[in-house]
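Asks: Structure in structure tokens, see below.
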């Protein structure tokens, strides 16, 4: 889709307009993460990873090691993670735009949401704080690198890769082909 005015053509998703849209979207994601972190603090208190909630738990399974960073799977997290995925992908379902670029941005938002929400849970939680954000105390994050859970770094890498492909300059023939559709 492009926006045309005399002497100006901007293709959405590329250039300054596309980056500006992405930055505003990610800023909104940060606001959502802040609110959700506060809600989750009210739900869990200082007992992270739903350890004090009346929910089912699977502590050990080889699939948890691969896909969940070795953390327990709880009913609480299964439902909350699924719900938030639906929230982030709902615009694609309702606006009639099922493009890969939009799905990629939704995935970036979802990953960023969980990284920021998790970190903020520690920072603003009166039972924790930044000083206690350490591997020996945060035992449900099993793998750490450079002062943060590995999940954070992997997630940031995935976000960077998706955003690179989303905003990379398109070849002229790709633009011409798209214009003929």
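Numbering (our numbering), first residue to last: 11 to 191. We put the beta carbon where it would ideally sit given N, CA and C, even for glycine. These numbers were taken from a predicted model, which means no experiment stands behind them.
Around the Cβ of residue 116, are there at least 16 other Cβ atoms within 10 angstroms (buried) or fewer (exposed)?
Replies: Buried is the call here.
Asks: Please work out which residues of its chain come closer than 6 Å, Cβ to Cβ, to residue 192, disregarding the five sequence neighbours upstream and downstream, and give them in chain order.
Replies: In the structure as shown, the chain starts at 11 and stops at 191, and residue 192 therefore has no counterpart that could be examined.
Asks: Do residue 150 and residue 59 have their C-beta atoms closer together than 8 Å?
Replies: In this structure, residue 59 lies closer than 8 Å to residue 150 by Cβ.
Asks: I need the straight-line Cα distance from residue 51 to residue 43, nearest angstrom please.
Replies: Between residue 51 and residue 43, the C-alpha separation is close to 12 Å.
Asks: Measuring CB to CB, does residue 125 end up less than 8 Å from residue 165?
Replies: Yes, the pair counts as a contact, with Cβ atoms nearer than the cut-off.
Asks: Give every residue of the same chain whose Cβ lies closer than 6 Å to the Cβ of residue 108, excluding the five residues on either side of it in the sequence, and list them in chain order.
Replies: Same-chain partners within the cutoff: 102.
Asks: Mapping DSSP to helix, strand and coil, what is residue 159?
Replies: Strand.
Asks: Closer than 8 Å by C-beta to residue 76: which residues in its own chain qualify, once you throw out the five before and the five after it? Chain order, please.
Replies: Result list for residue 76: empty, nothing under 8 Å.
Asks: Roughly how many whole angstroms lie between the Cα atoms of residue 88 and residue 173?
Replies: Distance between the alpha carbons of residue 88 and residue 173 is about 27 Å.
Asks: Would residue 163 pass as a contact of residue 47 if the rule is Cβ separation under 8 Å?
Replies: Against a cut-off of 8 Å, the Cβ pair of residue 47 and residue 163 comes out as no contact.
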